[in-house]
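**Q** Input: one structure, supplied below.
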Amino acid sequence: MPTKPKPVEGEKKVFMTGNEVVAWAAAAAGAECMYGYPITPQNEIMHYWTRLAPKFGLIFLQTEDELSAGFTMLGGVLAGRKSFTATAGPGNTLMQEPLSMAEMMRLPAVVVIQQRGGPSTGQVVYSQQEVTLTSLGGNGEGLRVVYSTSSHQDLYDYTIKAFNTAWRYRFPTFLLGDGYQGKMREPVVMYDPEVRGVELVPAEPYVGRPGTPGVDRPPAHLRNAYSIEEELYEAVMELVREYEKVAPEIVEHEAFGVDGARVVAVAHGVVFRAVKGVVRELRQQGVPVGYFRPITLRPFPADALRRVAATGVRLLVVESAYGQLARLVKEALSGLPAEVHGLYKPGVLVGQGEIATRIKTLVQGG
Amino acid sequence: MPTKPKPVEGEKKVFMTGNEVVAWAAAAAGAECMYGYPITPQNEIMHYWTRLAPKFGLIFLQTEDELSAGFTMLGGVLAGRKSFTATAGPGNTLMQEPLSMAEMMRLPAVVVIQQRGGPSTGQVVYSQQEVTLTSLGGNGEGLRVVYSTSSHQDLYDYTIKAFNTAWRYRFPTFLLGDGYQGKMREPVVMYDPEVRGVELVPAEPYVGRPGTPGVDRPPAHLRNAYSIEEELYEAVMELVREYEKVAPEIVEHEAFGVDGARVVAVAHGVVFRAVKGVVRELRQQGVPVGYFRPITLRPFPADALRRVAATGVRLLVVESAYGQLARLVKEALSGLPAEVHGLYKPGVLVGQGEIATRIKTLVQGG
Amino acid sequence: MAEYHGITVETEKGTHTVFPELCKGCGLCIAKCPKKTLTWADYLGAYGTPSVRVTNGCNACGTCQMVCPDCAIVVVRKAKAR
Amino acid sequence: MAEYHGITVETEKGTHTVFPELCKGCGLCIAKCPKKTLTWADYLGAYGTPSVRVTNGCNACGTCQMVCPDCAIVVVRKAKAR
Amino acid sequence: MARPVKILLAGEGGQGVQAVAEIIAEAAYEKGREALYIPNFGIEQRGGVSLAFVQVGDEPIGPPRFETADLAIALSDRAVVRSRPYVGPETTFIYDSSIGTNHLPQGVARLVAVPAIEVSKKELHPRVFNVMILGAVIGLTGVITVEEAKEAIERRLGHRFEKDPALRELNHRAVERGVELVKGKL
Amino acid sequence: MARPVKILLAGEGGQGVQAVAEIIAEAAYEKGREALYIPNFGIEQRGGVSLAFVQVGDEPIGPPRFETADLAIALSDRAVVRSRPYVGPETTFIYDSSIGTNHLPQGVARLVAVPAIEVSKKELHPRVFNVMILGAVIGLTGVITVEEAKEAIERRLGHRFEKDPALRELNHRAVERGVELVKGKL
Amino acid sequence: MQIQPAMPRSWRPETKPHKFCPGCGHGIVLKALGEAIDELEIQDRVVFGCDIGCSLLSWDFFNVDTVQTHHGRTTPVMVGMKRANPELIVVAYMGDGGGYAIGTQHLVNAATRNDRITVILVNNTQYGMTGGQMAPTTLPGQKTETTPFGRDPELTGYPIQGPEMVASITRDGAYVARGTVARPRQLKEFIKRALQNQMAGRGFSFVEALSTCPTNWRTNAEDTWKFIEKEMTRYFKVGEVKVPPELARGKGEREDG
Amino acid sequence: MQIQPAMPRSWRPETKPHKFCPGCGHGIVLKALGEAIDELEIQDRVVFGCDIGCSLLSWDFFNVDTVQTHHGRTTPVMVGMKRANPELIVVAYMGDGGGYAIGTQHLVNAATRNDRITVILVNNTQYGMTGGQMAPTTLPGQKTETTPFGRDPELTGYPIQGPEMVASITRDGAYVARGTVARPRQLKEFIKRALQNQMAGRGFSFVEALSTCPTNWRTNAEDTWKFIEKEMTRYFKVGEVKVPPELARGKGEREDG
Ligand SMILES: Cc1ncc(C[n+]2csc(CCOP(=O)(O)OP(=O)(O)O)c2C)c(N)n1
Ligand SMILES: Cc1ncc(C[n+]2csc(CCOP(=O)(O)OP(=O)(O)O)c2C)c(N)n1
Ligand code: SF4
Ligand code: SF4
Ligand code: SF4
Ligand code: SF4
Ligand code: SF4
Ligand code: SF4
Ligand SMILES: [Mg+2]
Ligand SMILES: [Mg+2]
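Residue numbers (this note's numbering), protein chains in the order written: chain A, 1 to 366; chain B, 1001 to 1366; chain C, 2001 to 2082; chain D, 3001 to 3082; chain E, 4001 to 4186; chain F, 5001 to 5186; chain G, 6001 to 6257; chain H, 7001 to 7257.
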């Protein structure tokens, strides 16, 4: 669609809510369709998208539920448009059905999750309780990519990256934020990806290519159902192999102060902001502490974390959930004698005071 | 309902399919309502239930989908009847929505999962790919009980136990089988639980108790939505505390030959049958190998497995999935230097030959 | 049961009582009153916004009571045959 | 494209061809034929069950062709004005 | 540990292999032995090859599907193809001599053609074809006796035999003829 | 690391605390400082107490919610109650002197009553009550200057001021009066 | 004691003022329901199920056993409950989003099965709780957060005709009506008849209530009434749509409020 | 070359005989669809979406781009596709379970929104693929695996009136009809008109096809025809239910097969 105006030209710094950032970033990433169902705290992504739509020729449909949002999204993908949706909480639970189809058929798609409190309706505000669901949901092996953001700049950068990852590798890709990120305002630099040298991976139609099927070209016959066990085994193993092949290209993390640390705090999302502040301050005070932030929760930066853990540090997982990140950490560290401690606050932000206290206790061997 | 005839009187040995076993066992456990939606390979549970229904005064409704099956089931539970449903694959994915409500509201419920191949529609036959989904599905912390069966006798015994666990502890309880178990025929002893001294935990109504609410008694005001973060935090932590308190009473496993073993194979479900045969035979041949079978996948028998792993054995996780059981194992063994190896065959049964070969290689240090 | 403190005004046709603790100041009653006899009050309602009060001309039709979503108005009509 | 091997019978009004490779022996055509001129054949169909064949009296109405779910029958009517 | 006997039956939808498998397993069970039977199934309601896995032994049976059959019986060309993954050097492989097949497995213990389709058509009745196969399995494995097979048939079809005693006779003859067919083939 | 200034504003739905928070954060941002603002929200669309968390500093802001405010302003009794978890020994706690409350926090750095409601009613107009509060925050924290506040107000309401210049005047007076109100209170 | 508010007996005074916004029609619908419960004297047998949507704000509204369920899922919860204990009189209370969007399959299938439950669906032409997005009931041209330039029927069709749809798939036992909070007395009568129909075991009972949402409509009281009385009724016809023959002959004729 | 089978050009011969059971009506419906595609010359623009249910067996049936989706979800997939590329002519093909049970919300809302898609729904009165359970379309007294003693309308109601329901919630642009495999020519005509209606951009097009399932009905050919022609038509009226004015005046009048 080269004639449409670019949603973001050049580069500019703005002050806005995270949900607005996502809407702009998706448009900047070349997304053309958003299909979605309202749920707090992601609603404003749809609100902004519908306002951008007429200006930039974008498509929007509010569907009848999240099942439909997910499946219409895949319809858009099949037709050759970069499509995405956004949801949260119980909507994320439902979203696993369409996303499991995307996994099996290896369809790209971008899903923004603004976590809220769970289980069930829970609360509409904030948590990190959708880590397991987003990383491993559905009746399969979790062959997907999950980026966990912790700032508006992340929201912008990784929304763009999510579209590229999804369309490059053809695994459904999630952007995992939360209600606080969605609703807060902070500065962010928006840019035209091309200005930064980020090439946008183009979308190709899966159906409706030129020519008559069976005459000029073979028909596209896309399926997700297999008749016998061995047939599916082959299909799944093929997916797994591909996933494991590309995982090293996708995986991302951020670490600080891990060399010589006695304690390394592991956190993601907005909790990471709290951890980062505490760790940097304690380091300045000379406390031997570092942090490790997985940016991709799936694939998980296991190798990098294993290298950190192998130095004999104690790990403290800090999260607004009851051990969901910790589960990924423990899996990653299998076979290593590293202690993994947890500071779990499902549904509430973890205070910097308690993080500091806990770290200090651990440093002192408590 | 003391006037109704007992579905199973005394004790008797029969030869039937696993799905039929489940229907009889549910009736014997005092279940009164089944609400369900067809899906292979669990259909016959409903088929048998509808045939038992008129004889034993049982209630059945085929709902419009699995969401409805789960929520009608919870309606039955609220009205004071032991209610259950059965599903598989994509149906299990959808079932997480109602089950997350049960978790939040601490409602008992029994859900039979006959796993099939995934992700997506996959195949309708067999797999162990619903371990993560069943143990940790939904937007929460996985506060539920999962029994994994590996024989018809298990199906009978643990169906009865599942109802008792659910109604005693008020956590939703899953019976995790698979299509092979559902469709195969083998001998099983059916019995009236009371004959074996198993007391059936009674169901109590949550609504419609005697008296006028607000006049004779407070009204039941049951909710799953909370307004602010701290309120939900308290509610979730209360659930977690209760869950952790009762977990030691619930957790179950089975082990053999682990003392002095160089390799311990870990497996559940029908794969365990294969592992058991191989391990017992190798043991007879003098190979230092044992097995560990988690019967509850959630809560996971972590302590027991840690004791095994602490002896320095190598573990081999064998499963018809790509590392789903292994993930639970690795989490459980956090901090221990035990090697966890995997023999993963998503969607197909693992052959005894390859299990034996792999074990021998590991015993020899390969 | 909680006791509410209504502000009762005797009207020609009966009494008109407003319960500021319940009134959220939505104005539905004012807009719906066929006689246009309701107006904003200077006492505040439940949310600290102005409540309502009756002025002259109320015919005790009860419409305001009926449409109030918060049961913040009670209109009592004088018994006719008295 | 695969070539099919039909068994063609000349009837009074035209030709009647059955493709056993396609025929699953459901019998829908037999039951629906207005002239009751179709019957089980001794050649087998796609699933190893008997296929069908036309007997005397076919009026080439094409009903059997129309209702066959597997396109296993072709009826050709002789051009009238010949 | 004594291993169970592992039998694979494979045929077209209408050939009745599932009934044979069920009868064998149930008869063994009734006789007090351990038994397990599982059909294959897939997405289609009809049209595929029908496989039946039967195991009979004296200790509880292990996994429901086995890697290698002791005895495999394939009754159509497609059935031969579908059986091959379950066939090994220890397998006795039986197939119907009337099916034109190029897919016979190599390197099995024994490869035996039996004219079951022909015999059932000519001597008995096509409808008892599968009962003859039952006889053949019994003849080859001895997992149940002819008597036990007859009792199992009686439990299944007794109500029909009431009305038509000749049918009983036909079934009995079919079992026996099946046993005969394979006599000396091992 | 220089810590940001942490401001909590709490009021009833109609009192306009979110607008104040937004103006402060945006003005700080425009001035090139780091700023973060987040409202609280819950299940109800209306009726609850409205909380606003604002942070202004010179380095990127940490978590969006803080444990302890440097400055907390509560404008109703319920707001006082909801603010208490965010109040500590370092907190300057401001409340409106007209609200009858028994819930004032103890052990804070300073506890200051300001007659904002009364002044806004009597001297200005109830609708600029929140602008006065804005002035008070500026007066107490200096996170932005009066000039910057006025510019921020201009960006928000400029289109309305075009039609009604008196309104601009009123708003400016309100900011200034807010600053005055707290002068010397620290 | 002074004059006290005329709350229905079945309301729970401890939780009043309730949690709905000023001028919200939910309050009027729930007053009608409360009065119907009082008049039928069934407070001890009613179970009230509320959806997610603003209806959830009524989870502690009544002195009646209450279950708050999931968005769109109140119908199946109440169906399962009623089938498990037919002595209960169950009310499924939901919004237009819950009933006509995410929960349509439940509504349609409960209606088809003629489940003996009473569904009260509050049609406020949008999604109240989530801040005012389009609903299947949104009027052509109406601005919502997801139709910021007005709902375009070319793109998203016309407002769904819920009671008419339910009528098209039910048989004689069903009761179907559309009321409005602008006529509270009639609305109460419809609700009462819907409950009576359930009590008589005849069948599925459905009342759509046109309702106000000044918060998301951004209307003052005057415009609120205008929207519900003039705009909404252009698309939604108020009245009984289907009345079982027995009920038609019985008491409880239509009254206008 | 000898006489060759009269397969529609758009069928894919490589996958024939197809995977449906002997006597399955799906084959007749798909022949009608294939012929309609041929006659309209749209093989290069059609995208065929099939549901889970026996309809999935058609995932490689046509020389037409095809997507097999999830149970009940074909409607949204095709809606999303059509909106993303309106040049495509999309067909959502599903069973009565997929359309009237698990996917009702999608059907109802796509109809309400007047989405420009064509839905073909095969009504075989039960769930074929899973072995013959009750569907919303099961006839009173009909035995299925989950109504082993016959469907009892007191417990589970009467067969759903799908096209009538769709008609009740659509406006002028929609095309709604019910055909039957017992009248293949008429069925083809209905399907053709449904496609034409989409091509003209008028609106939602819906054809329910009464269809046979000898496998689960356990009927021989004689009884199969009897059931569809005599039993099913007692509850399901064959014919056009809603025809856009433009289409009514146009070509393609109803023909009986
Ligand atoms: C599965 C799921 N999806 C979305 C939501 C978010 N949500 C909560 S209420 C609501 C809409 C409410 O609208 P309506 O049903 O019309 O009720 P109203 O608030 O207008 O009374 C939505 C979409 C949710 N809670 N659960
Ligand atoms: C979510 C989900 N639930 C259940 C199923 C199992 N399932 C597959 S097909 C089917 C029913 C098919 O019936 P229908 O839609 O009427 O199609 P038919 O086979 O009769 O043509 C069901 C319930 C599934 N695949 N996915
Ligand atoms: S309708 Fe009720 S709440 Fe609204 S202003 Fe009038 S009295 Fe107050
Ligand atoms: S009773 Fe009638 S006239 Fe009087 S104030 Fe109320 S609405 Fe107006
Ligand atoms: S209808 Fe077709 S498939 Fe069926 S028997 Fe006749 S020719 Fe064969
Ligand atoms: S063409 Fe007509 S008459 Fe001839 S066999 Fe076919 S159906 Fe019968
Ligand atoms: S948002 Fe609308 S529907 Fe919800 S409580 Fe407020 S006024 Fe009522
Ligand atoms: S089961 Fe029924 S619907 Fe499915 S393919 Fe067979 S006959 Fe057709
Ligand atoms: Mg609404
Ligand atoms: Mg069907």
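Note that CB positions come from ideal geometry on N, CA and C, so glycine has one too.
Pull up the distance between the alpha-carbon of Val154/A and that of Gln6133/G, whole angstroms please.
**A** Residue numbering aside, residue 154/A sits at position 154 when the first sequence is read from its first letter. Residue numbering aside, residue 6133/G sits at position 133 when the seventh sequence is read from its first letter. One detail in the question is off: residue 154/A reads as Asp in this sequence, not Val. Rounded to the nearest angstrom, the two C-alpha atoms are 27 Å apart.
**Q** DSSP state of His1341/B, grouped into three classes?
**A** Here residue 1341/B refers to the residue found at position 341 when the second sequence is read from its first residue. Reduced to three states, the DSSP call for His1341/B is strand.
**Q** Can you give me the start and stop residues for the alpha helix (DSSP H) that Ser100/A sits inside?
**A** What you label residue 100/A is simply residue 100 of the first sequence in a count that begins at 1. Start and end: Gly89 to Met105.
**Q** Using beta-carbon positions only, say whether Val7238/H and Thr7212/H come within less than 8 Å of one another.
**A** For the purposes of this step, residue 7238/H is identified with residue 238 of the eighth sequence, where counting begins at 1. For the purposes of this step, residue 7212/H is identified with residue 212 of the eighth sequence, where counting begins at 1. Their beta carbons are not under 8 Å apart, which means Val7238/H does not touch Thr7212/H by this criterion.
**Q** Just to make sure I have the definition right: I need the residues of chain A whose C-beta is within less than 8 Å of the C-beta of Glu5026/F. Which are they?
**A** The sequence position of residue 5026/F within the sixth sequence is 26, counting from 1. Chain A residues near Glu5026/F: Phe15 and Arg185.
**Q** Name, in chain order, the residues that DSSP records as bridge partners for Trp1049/B.
**A** Numbered from its first residue, the second sequence carries residue 1049/B at position 49. Its beta-bridge partners do not exist; DSSP assigns none.
**Q** Report buried or exposed for Tyr2043/C, applying the criterion of at least 16 other Cβ atoms within 10 angstroms of its Cβ.
**A** Taking the first residue of the third sequence as position 1, residue 2043/C is located at position 43. Tyr2043/C is exposed by the Cβ-count criterion.
**Q** By the DSSP assignment, the beta strand (DSSP E) with Thr3008/D in it spans what residues?
**A** Counting from 1 along the fourth sequence, the entry for residue 3008/D is found at position 8. Unbroken beta strand (DSSP E) run through Thr3008/D: Ile3007 to Glu3010.
**Q** I need the boundaries of the alpha helix (DSSP H) containing Met73/A, first residue and last residue.
**A** For the purposes of this step, residue 73/A is identified with residue 73 of the first sequence, where counting begins at 1. Counting along the chain, the alpha helix (DSSP H) containing Met73/A begins and ends at Glu66 to Leu78.
**Q** Give me the Cα-Cα distance between Leu1333/B and Met237/A, rounded to the nearest whole angstrom.
**A** Residue 1333/B sits at position 333 when you count from the first residue of the second sequence. Residue 237/A sits at position 237 when you count from the first residue of the first sequence. Using only the alpha carbons, I get a separation of about 27 Å.
**Q** Measuring alpha carbon to alpha carbon, tell me which of Tyr5029/F, Pro5060/F, Ala5079/F and Arg5003/F ends up nearest Val5017/F.
**A** One-based indexing of the sixth sequence puts residue 5017/F at position 17. When only C-alpha atoms are compared, the closest one is Ala5079/F.
**Q** Just reading off the beta strand (DSSP E) that Pro5039/F is part of, what are its end residues?
**A** Numbered from 1 along the sixth sequence, position 39 holds the residue referred to as residue 5039/F. That run of the beta strand (DSSP E) goes Glu5034 to Pro5039.
**Q** Can you list, in chain order, the residues of its chain with a C-beta nearer than 8 Å to that of Gln1352/B? Leave out the 5 residues immediately preceding and following it.
**A** In the second sequence, counting from the first residue as 1, residue 1352/B sits at position 352. Within the same chain, Gln1352/B has close Cβ partners Ala1274, Gly1277 and Val1278.
**Q** Could you spell out where the alpha helix (DSSP H) holding Pro7153/H opens and where it closes?
**A** As a working mapping, residue 7153/H is identified with position 153 in the eighth sequence. Element bounds for Pro7153/H: Pro7153 to Thr7156.
**Q** Going by DSSP in three states, Ala1109/B sits in which element: helix, strand or coil?
**A** The residue given as residue 1109/B occupies position 109 in the second sequence. Coil, per DSSP.
**Q** Quick check: does the Cβ of Tyr6127/G come within less than 7 Å of any heavy atom belonging to ligand 9?
**A** To locate residue 6127/G, count along the seventh sequence from 1; it is residue 127. It does: the Cβ of Tyr6127/G is within 7 Å (strictly closer) of some heavy atom of ligand 9.
**Q** Look at the Cβ atom of Pro7140/H, then the Cβ atom of Pro7148/H, and state whether they are nearer than 8 Å.
**A** Position 140 of the eighth sequence, counting from 1, holds the residue named residue 7140/H. Position 148 of the eighth sequence, counting from 1, holds the residue named residue 7148/H. Cβ distance not < 8 Å, so Pro7140/H and Pro7148/H don't count as in contact.
**Q** What in chain B is Cβ-close to Asp6044/G, meaning under 9 Å?
**A** Working through the seventh sequence from its first residue, we reach residue 6044/G at position 44. Within chain B, the residues near Asp6044/G are Gly1208, Pro1210, Gly1211, Thr1212, Pro1213, Val1215 and Asp1216.
**Q** How about Ile4043/E: is its C-beta nearer than 8 Å to some C-beta of chain A?
**A** Residue mapping note: residue 4043/E aligns to position 43 of the fifth sequence, counting from 1. Residue-level contact check: Ile4043/E touches chain A, since one or more beta carbons of chain A fall below 8 Å from its beta carbon.
**Q** Give the secondary structure of Phe163/A by DSSP, where H, G and I count as helix, E and B as strand, and everything else as coil.
**A** As a first step, residue 163/A is located in the first sequence; it is residue number 163 there, counting from the start. DSSP places Phe163/A in helix when its eight states are reduced to three.
**Q** How would you list, in chain order, the residues of chain F whose beta-carbon sits under 9 Å from the beta-carbon of Ala1225/B?
**A** Position 225 of the second sequence, counted from the start, is the residue given in the question as residue 1225/B. Ile5043, listed in chain order.
**Q** Please classify Arg7183/H as buried or exposed, where buried requires at least 16 neighbouring CB atoms within 10 angstroms.
**A** The residue you call residue 7183/H lines up with position 183 of the eighth sequence. Buried, by the Cβ-count rule.
**Q** Looking at chain E, which residues of the segment 1164–1195 of chain B have a Cβ within less than 9 Å of any of its Cβ atoms?
**A** Gly1179, Tyr1180, Gln1181, Lys1183, Met1184, Arg1185, Glu1186 and Pro1187
**Q** Between which two residues does the alpha helix (DSSP H) harbouring Arg3077/D extend?
**A** Walking along the fourth sequence from the start, residue 3077/D turns up at place 77. Note, Arg3077/D: premise wrong, no alpha helix (DSSP H); beta strand (DSSP E) at Ile3073 to Arg3077.
**Q** Since I believe Leu4071/E is in contact with Val4137/E (beta carbons under 8 Å), could you give me their beta-carbon distance rounded to a whole number of angstroms?
**A** Your numbering for residue 4137/E matches position 137 in the fifth sequence. Your numbering for residue 4071/E matches position 71 in the fifth sequence. Contact flag correct, Cβ pair sits at about 7 Å.
**Q** Going along the segment 7168–7189 of chain H in order, which residues come within less than 9 Å of chain D, judged by CB to CB distance?
**A** Val7181, Ala7182, Pro7184 and Arg7185
**Q** Mind checking if Thr6104/G is an interface residue toward chain H, Cβ cutoff 8 Å exclusive?
**A** Against the seventh sequence, residue 6104/G aligns to sequence position 104. Yes, Thr6104/G counts as interfacial toward chain H.
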